[in-house]
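In the numbering used here, the protein residues as written are 86 to 331.
Beta carbons are placed, not taken as given, at the ideal position from N, Cα and C, and that holds for glycine.
Owing to the predicted nature of the structure, the values given are computational and were not obtained by experimental measurement.
Data block below; observations after.
Now the structure itself:
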């Protein structure tokens, strides 16, 4: 299967998986389009793929290609126009004391223990709550692109970890996990605002947030950040209130 004709993508092929159970919408089958061979997806190629609606899981770049569903919408924030809501501003103030530190993309037992607690509290029964050290490593610590691991501490205590990818036009938020005992404290919201601020500091126009799924509680929160753009019918455009209400 071929896709896209930009020169950086020409060596790639695209493979559609067999159907599997959707992680976000119950009782729906899902399929993904995977870019192969994965070792050719370097930082430059991955940037082109992200701008065409792809995401990354470990070394695999993928995009939903479900037969009868278009619920997954790739979204990004134009960071210079981002206008935090009152609740988001409160989250920024609440966590002003968090200290961010970039670390090498290697396994750390303390990070894995936090990941396990987060998965058990937030995604019990979804499979990821049973991830082994090897599965965790494949998911978050293996990459052929410019990936960065950021940990956040408060008074020395580990509160949150996020993985982000650096692109030529922005940052791509890969995954964030945090202390589930602080779920009420809007750490996830704060982390998106922090990543947007990093984009601005680096002179990058966009923060890519992956897929927005309006009917999924796990993914609908992304629409709380405005303005937000979606990749629809082969182009990026600002999502309207009508889009977000569907």
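Put residue i into one of helix, strand or coil per three-state DSSP.
i, result
"residue 267", "helix"
"residue 330", "helix"
"residue 172", "helix"
"residue 224", "helix"
"residue 139", "coil"
"residue 191", "coil"
"residue 185", "strand"
"residue 117", "strand"
"residue 238", "strand"
"residue 39", "There is simply no residue 39 to check, as the chain begins at 86 and stops at 331 in what is shown."
"residue 109", "coil"
"residue 100", "strand"
"residue 273", "helix"
"residue 34", "In the structure displayed, the chain extends from 86 to 331; residue 34 sits before or after that span and is not available."
"residue 287", "helix"
"residue 167", "coil"
"residue 132", "helix"
"residue 196", "helix"
"residue 217", "coil"
Who are the Cβ neighbours of residue i in its own chain at under 8 Å, not counting the five residues just before and after it?
i, result
"residue 219", "none"
"residue 147", "117, 118, 119, 120, 139, 140 and 141"
"residue 221", "192, 197 and 200"
"residue 280", "247, 249, 256, 258 and 292"
Report the partner residues of residue i according to the DSSP bridge assignment.
i, result
"residue 145", "142"
"residue 310", "Note: residue 310 sits in no beta bridge, so no partner."
"residue 155", "For residue 155, which the question treats as bridged, DSSP gives no partner whatsoever."
"residue 232", "250"
"residue 317", "320"
"residue 245", "237 and 263"
"residue 295", "160"
May I ask whether a heavy atom of the ligand SAM can be found less than 7 Å away from the beta carbon of residue i?
i, result
"residue 125", "The model on display carries no ligand, and the ligand SAM is accordingly not part of it."
By Cβ distance, which residues of its chain are closer than 7 Å to residue i, with the 5 residues on each side in sequence left out?
i, result
"residue 113", "107 and 154"
"residue 124", "229"
"residue 303", "109"
Which residue comes first and which comes last in the beta strand (DSSP E) that contains residue i?
i, result
"residue 161", "158-163"
"residue 320", "320-323"
If I measure Cβ to Cβ from residue i and keep anything under 6 Å in the same chain, skipping five residues before and after, which residues do I get?
i, result
"residue 235", "185, 187 and 247"
"residue 183", "237 and 239"
Can you tell me where the alpha helix (DSSP H) with residue i in it begins and where it stops?
i, result
"residue 302", "302-305"
Exercise. Okay, do the segment 309-326 and the segment 115-123 touch, 3+ Cβ pairs below 8 Å being the bar?
Worked result: no
Problem set entry | Cβ contact check for the segment 169-184 and the segment 273-291: 3 or more pairs under 8 Å | yes
For this session: Check whether the segment 280-298 touches the segment 187-205, counting contact only when three or more Cβ pairs, one atom from each stretch, lie closer than 8 Å.
Result: no
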